[in-house]
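Chemist:
Number of protein chains: 2
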Amino acid sequence: MTCYYFAAEKMNKPHKDIDTSTEEKIKKAARIVFHRKGFAGARTRDIAEEAGINLALLNYYFRSKEKLFDIIMLESLKGFMQSMTSVFHNPDTTIFEKVDVMANRYIDLLKEEPEIPLFIMSEMRHHPEKLIAEMKPRQFLMGSAFEQQFKAAVKTGEIKNVKMIHFIMNLLGMLVFPFIATPMLRSMTEMNDESWNSVLEERKKLIPQWIKLMFENH
Amino acid sequence: MTCYYFAAEKMNKPHKDIDTSTEEKIKKAARIVFHRKGFAGARTRDIAEEAGINLALLNYYFRSKEKLFDIIMLESLKGFMQSMTSVFHNPDTTIFEKVDVMANRYIDLLKEEPEIPLFIMSEMRHHPEKLIAEMKPRQFLMGSAFEQQFKAAVKTGEIKNVKMIHFIMNLLGMLVFPFIATPMLRSMTEMNDESWNSVLEERKKLIPQWIKLMFENH
DNA sequence: GTCTATAACGTGATAGAC
DNA sequence: GTCTATCACGTTATAGAC
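Quick note, the sequences are listed as chains G and U, same order.
Mapping the first sequence onto numbering that gives the first Met the number 0, position 163 (from 1) lands on 162, and the numbers just tick up by one.
Mapping the second sequence onto numbering that gives the first Met the number 0, position 195 (from 1) lands on 194, and the numbers just tick up by one.
This is how it looks when you write it as structure tokens:
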């Protein structure tokens, strides 16, 4: 525990080794393998190999496969829910501006890590008790700026009188489904990487337009 | 191989034991366990227990876990794709009638077996080589009545000039996503069984309306 | 901290009695 | 056809040298 360590922490600028430290290498490898194969399908040997280290080191740093998994899952969940929550709780944007931000931010996020939604949905199905508590989904909507705006807009007739959950289902469904059904959808139309990418880019603009058409009163 | 057996077959009315035969009991149990836990997470012991039989019998009837899985997966895939394919290849319905049939048929189907979509998507991610060939997704759209109708309708301006894949993504996304994200969605709004069910029923009518709003030119 | 070797355990599959 | 008992193997986890 040297002076340098503290200095780095205070400056909020961890010493450069942090990106290449063994611990970080293992976490990075674990993310890849767990996302691809799920908890049950992943082997600690795969993770060790992916990280370029020995199997024993994995247990040295994280004690068990499950503990390592919990860490990866928590981070993935945070990445997936966090931006969503912050958008929905922002009182300074309108409903449709929120949709616009969501579409752009999420499609970019999921282009980086396309396996995240299916990973989360799968694992949530397989161990619900563990994850439902973790992600606190109630806080996501209940009492949010979005909820208030939605109720108000229904009252004024600005948007149609439909349950809020339909709005969420449609928005998330259109946003996330392509990343869940990728192999099916891509092979249905034999898209190469380029056209798949351009379809995703188009959806950034189209989804907000579609949501307006579905829910706005005119 | 008795006379009765043939008689039953000819009458297309298999003798009553077929529902309760050991083989069928195992398949039924395997469906439940594989759908819930996936291939990697399911244990043959779980399946045997669920079926109320001994582990050895499972191998006696199906030789291996993988062979049993292949049978279950093929049937699930067939159930999931078959109705979709038949709707999309029917030349006697309009585009929007197809959507209507899809919404009603699929929501009913998935209310019966809600785990199917996530099961298929998960396993397709984990062993793509095996499943892509099986489901022949190209035949689903390419050369279908739907494809021809869609192209024609874009030409006449009846529907907007958008790529067909967006239509499919939105329809399937809105239809299937609620069954993929069930635990998240339900806990977000604390829905009980009754209100969850009524939301699904509402969507049978709403999804066709939304699709029209999104894609029809007016 | 990192490795090799090995223990401890869980799981798929089979042998063999009935 | 169905069972109990057991094998064979793969995987997680640990001991112990360096």
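No residue lacks a Cβ here, since even glycine has one placed at the ideal position from N, Cα and C.
In this text the structure is predicted, and so the values were computed from the model without any measurement.
(1) Count the other C-beta atoms from every protein chain shown that fall within 10 angstroms of the C-beta of P177(G), then say buried if there are 16 or more, exposed otherwise.
(2) What is the residue span of the alpha helix (DSSP H) that E128(G) lies within?
(3) 8 Å is my cut-off, CB to CB: does S121(U) come that close to chain G?
(4) Taking F118(U) and H34(U) to be in contact with their CB atoms under 8 Å, please state how far apart those CB atoms are, rounded to whole angstroms.
(5) Using a Cβ cut-off of 9 Å, pull out every chain G residue sitting near A47(U), in sequence order please.
(6) Is the CB of R30(U) under 8 Å away from at least one CB in chain G?
(7) May I ask you to report which of helix, strand or coil DSSP gives T1(U)?
(8) So which of K97(G), K36(G) and E74(G) has the shortest CA-CA distance to T84(G)?
(9) Is any beta-carbon of chain U found at less than 8 Å from that of S75(G)?
(10) Report the neighbours of A144(G) on chain U: residues whose CB is nearer than 8 Å to its CB, in chain order.
(11) With a floor of 4 residues, list each alpha helix (DSSP H) that falls wholly inside the region 145-195 of chain G, ordered by position along the chain.
(12) Within 10 angstroms of its Cβ, does P207(U) collect 16 or more other Cβ (buried), or is it exposed?
(13) Under a Cβ-count criterion, where at least 16 other Cβ atoms within 10 Å of its own Cβ denotes burial, should A6(U) be classed as buried or exposed?
(14) Residues of chain U with a CB under 9 Å from the CB of L117(G): which are they?
(15) Per the contact definition of three or more C-beta pairs closer than 8 Å, is the region 104-119 of chain G in contact with the region 135-152 of chain G?
(16) Tell me, please, which residues DSSP counts as bridged to E215(U).
(17) For E215(G) and I164(G), what's the separation of their Cα atoms in angstroms?
(18) Chain G partners of T188(U), CB-CB under 7 Å?
(19) Would you please state the rounded distance, in angstroms, between the beta carbons of I25(G) and L57(G)? I believe it to be under 8 Å.
(20) So, helix, strand or coil for M80(U), using DSSP?
(21) Closer than 8 Å, CB to CB, is L212(U) near chain G or not?
(22) Comparing alpha-carbon positions, which option in A39(G), W195(G), A47(G) and K211(G) lies nearest E219(G)?
(23) Counting along the chain, where does the alpha helix (DSSP H) carrying E22(G) start and finish?
(24) Going straight from the alpha carbon of P127(G) to that of E146(G), what length do you get?
(25) How big is the Cα-Cα spacing for H125(U) and T155(G)?
Modeler: If we stick to the structure as given:
(1) Mapped onto the first sequence, residue 177(G) falls at position 178. Classification of P177(G): buried, given that the 10 Å Cβ count is 16 or more.
(2) Reading the first sequence from its first residue, position 129 is the one you call residue 128(G). Its alpha helix (DSSP H) spans residues P127 to M134.
(3) As a working note, residue 121(U) is residue 122 in the second sequence. Cβ-Cβ to chain G under 8 Å: yes for S121(U).
(4) What you label residue 118(U) is simply residue 119 of the second sequence in a count that begins at 1. What you label residue 34(U) is simply residue 35 of the second sequence in a count that begins at 1. That pair is a contact at about 5 Å.
(5) In the second sequence, residue 47(U) corresponds to position 48, counting from 1. Those within 9 Å of A47(U) in chain G number zero; the least Cβ separation is about 18 Å.
(6) Looking up residue 30(U) in the second sequence gives position 31. R30(U) does not count as touching chain G.
(7) Here the question's residue 1(U) lines up with position 2 in the second sequence. Note that T1(U) scores a pLDDT of 29, beneath 50, so its modelled location is shaky; the value from the coordinates is reported in the next line. Note: T1(U) maps to coil in three-state DSSP.
(8) What you label residue 84(G) is simply residue 85 of the first sequence in a count that begins at 1. Ranking K97(G), K36(G) and E74(G) by Cα distance to T84(G) puts K97(G) first.
(9) As a working note, residue 75(G) is residue 76 in the first sequence. With 8 Å as the cut-off, S75(G) does not count as an interface residue toward chain U.
(10) The residue you call residue 144(G) lines up with position 145 of the first sequence. Under the 8 Å cutoff, chain U gives no residues; its nearest Cβ is about 16 Å from A144(G).
(11) 163-179 and 181-188
(12) Locating residue 207(U) in the second sequence gives position 208, counting from the first residue. Flag for P207(U) reads buried.
(13) The residue labelled residue 6(U) in the question sits at position 7 within the second sequence. Interpretation of A6(U) is limited by its pLDDT of 32, a score under 50 that renders its predicted location unreliable; the figure taken from the coordinates is listed afterwards. So A6(U) counts as exposed.
(14) The residue given as residue 117(G) occupies position 118 in the first sequence. What L117(G) touches in chain U: L117, M120, S121, R124 and I179.
(15) no
(16) The residue you call residue 215(U) lines up with position 216 of the second sequence. Paired residue(s): I158(U).
(17) As a position in the first sequence, residue 215(G) is number 216, starting the count at 1. As a position in the first sequence, residue 164(G) is number 165, starting the count at 1. Answer to the nearest angstrom: the Cα atoms are 15 Å apart.
(18) The sequence position of residue 188(U) within the second sequence is 189, counting from 1. Those within 7 Å of T188(U) in chain G are L140 and I164.
(19) Here residue 25(G) is taken as the residue at index 26 of the first sequence, counted from 1. Here residue 57(G) is taken as the residue at index 58 of the first sequence, counted from 1. Yes, they are in contact, since the Cβ atoms of I25(G) and L57(G) sit about 6 Å apart, within 8 Å.
(20) The sequence position of residue 80(U) within the second sequence is 81, counting from 1. Here M80(U) sits in helix by DSSP.
(21) Position 213 of the second sequence, counted from the start, is the residue given in the question as residue 212(U). Closer than 8 Å to some Cβ of chain G, the Cβ of L212(U) qualifies, so yes.
(22) In the structure as shown, chain G starts at 0 and stops at 217, and residue 219(G) therefore has no counterpart that could be examined.
(23) Counting from one through the first sequence, the residue named residue 22(G) turns up at place 23. Taken as a continuous stretch (DSSP letters only), the alpha helix (DSSP H) holding E22(G) covers T21 to G40.
(24) Taking the first sequence and counting its residues from 1, one reaches residue 127(G) at position 128. Taking the first sequence and counting its residues from 1, one reaches residue 146(G) at position 147. Going from the Cα of P127(G) to the Cα of E146(G) covers about 26 Å.
(25) Along the second sequence, one-based indexing puts residue 125(U) at 126. Along the first sequence, one-based indexing puts residue 155(G) at 156. Rounded to the nearest angstrom, the two C-alpha atoms are 48 Å apart.
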